[in-house]
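K.L.:
I have a structure here, written as structure tokens, and I will follow up with some questions on it.
In my numbering, the protein residues as written are 227 to 374.
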């Protein structure tokens with residue numbers, strides 16, 4: 227089985243369901259959160275090894291979503307995600323929700339995920355293999371600090 231590169235953007239199509247529509251006639255904000263999670267999980271499953279998937283799960287510690295344009299029932303959605311920077315305990319992930327027919331940005335999100343041990347359900351430190359595969363390193367600080 228070939229494992230895809232986790233650093234490359236990952237996309238999946240999502241049909242809008244009647245149950246996604248709220249009383250205002252557009253997709254409810256909670257549905258975007260579900261889509262952000264669904265595409266992240268699909269990316270993990272496509273890019274992680276079977277051993278990694280058996281040992282590590284991910285939980286969200288923060289979602290930031292900017293809603294740009296309403297999504298309607300007739301829309302076909304493309305969810306695109308890619309990895310960002312990692313800290314000691316969180317991994318950043320970016321997501322865009324696009325309308326398939328014209329590529330219009332409907333929403334964008336930044337989510338922080340924490341790796342957890344599948345057996346204990348507790349946060350874990352991951353090895354360099356996960357860190358290098360599922361994050362990008364931020365550029366070095368060039369703020370003028372010098373070392374003596």
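Glycine is no exception: its CB is placed at the ideal position from the N, C-alpha and C atoms.
By the DSSP assignment, the alpha helix (DSSP H) with residue 325 in it spans what residues?
P.N.:
From DSSP, residue 325 is part of no alpha helix (DSSP H) but of the beta strand (DSSP E) over 317-325.
K.L.:
Since residue 312 sits in a beta bridge, which residues does DSSP pair it with?
P.N.:
Partner(s): 317.
K.L.:
From residue 239 to residue 357, what does the alpha carbon distance come to, in whole angstroms?
P.N.:
Cα-Cα distance, rounded: 27 Å.
K.L.:
Give me whichever residues DSSP pairs with residue 349 in a beta bridge.
P.N.:
Residue 349 pairs with 342.
K.L.:
Between the alpha carbons of residue 277 and residue 353, how many angstroms are there, rounded?
P.N.:
Rounded to whole angstroms, residue 277 to residue 353 spans 13 Å at the Cα level.
K.L.:
Can you give me the C-alpha to C-alpha distance between residue 348 and residue 312, rounded to a whole angstrom?
P.N.:
Looking at the two C-alpha atoms, the distance is approximately 18 Å.
K.L.:
Specify, as a first and last residue, the run of the alpha helix (DSSP H) that residue 194 falls within.
P.N.:
Nothing can be reported for residue 194: it is not among the residues displayed for the chain, which extend from 227 to 374.
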